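Residue numbers (my numbering): 7 to 254.
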C-alpha cells in the first residue's frame, strides 16, 4: 500500500489496476464457467484471485490521495480508513492463500492416496479458506481497533494506510513484516520439501531400474549358457525358456 507514487497514479490504460482487475476477473470467471476447472484445489486459486481483485479495486481511491494537492484526503476520512483496512486484509489474505496452496501441493504430492482424498474435500478446503479470512481480518483490524496503529490518510506517503500521528504505528508495521516473512518462509519450506521428495523418488526409481537391468542381464546369460550346453550335449533346447529383449 505504501509503494505507490504520484507518477504511478498518472499511468495509461495498461496500469496495474486495469491489468489486475481484468486478469483476476478472468481467473474467477474461467473457474465458474469451465467445468474442468471446477476442482477442489482451484477453490484456493479463486480465493487468491478474489483477494487480489479487491486490492485492485482500491487503487482508484489510493490514486485520489496521491493526486491530492491539499495535503489531505479529498474524500471523507472514513472512506480512506476503510480503503486502508480492506487493502491490508486483502494483501494478508493473498499471502496466506499462497501458503495454503503450497501446503496442499506438498501434502498431495508427498502423502498417500488416502491422505490425498482425506484433505481434498470441499468442506475442508472451505474451512481452510474461512480460517484464512478470519486470520487476516483479526491480525489486520484488531490491532488498530485497540490502538496499535490507526487507519487513515498518511501525509508522508500520500496514501490510505496508517496515519502518521499514532505512536504505536511501528508495532503494527513490525507485525505486518513478521507475518509476511513467516508466510514466505513456509512457502519456501513446502516447495523445498516437494523438490526433495521428487529428487528422492527419482533416485529410487533409477536405482530400481538399474537393479532390474542387472537381473535381466544375468538371467539372459544364464538361459543362453543353458541352451548352449543342451546343444553341445546333442539334446534339443527347452522351448519354454524366457525370451528377454535387451534394448541396450
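Backbone N, C-alpha and C define an ideal beta-carbon position, used for all residues, glycine too. Predicted model, so just to flag it, every value in this text is computed and none were measured.
Identify, in the order they occur along the chain, each residue of the same chain with its Cβ nearer than 6 Å to the Cβ of residue i, setting aside the five sequence neighbours on each side.
i, result
"residue 33", "55"
"residue 164", "71 and 72"
"residue 37", "43, 48 and 52"
"residue 80", "70 and 74"
"residue 175", "155 and 168"
"residue 125", "113"
Quick check: what's the CA-CA separation for residue i versus residue j?
i, j, result
"residue 177", "residue 154", "7 Å"
"residue 128", "residue 46", "6 Å"
"residue 87", "residue 173", "17 Å"
"residue 316", "residue 27", "Because residue 316 is not part of the residues shown, which for the chain are 7 to 254, the question remains open."
"residue 135", "residue 169", "30 Å"
"residue 24", "residue 58", "12 Å"
"residue 76", "residue 184", "34 Å"
"residue 50", "residue 112", "14 Å"
"residue 131", "residue 161", "41 Å"
"residue 212", "residue 206", "10 Å"
"residue 188", "residue 197", "14 Å"
"residue 104", "residue 193", "7 Å"
Is residue i helix, strand or coil by DSSP?
i, result
"residue 158", "strand"
"residue 45", "coil"
"residue 69", "helix"
"residue 136", "helix"
"residue 168", "strand"
"residue 76", "coil"
"residue 82", "coil"
"residue 113", "helix"
"residue 105", "helix"
"residue 152", "coil"
"residue 272", "For residue 272 there is no data in the structure shown, the boundaries of the chain being 7 and 254."
"residue 64", "coil"
Using C-beta distances below 7 Å, list every residue in its chain close to residue i, excluding the 5 sequence neighbours before and after it, in chain order.
i, result
"residue 115", "200 and 203"
So, do the region 99 to 117 and the region 138 to 147 have three or more beta carbon pairs nearer to each other than 8 Å? yes
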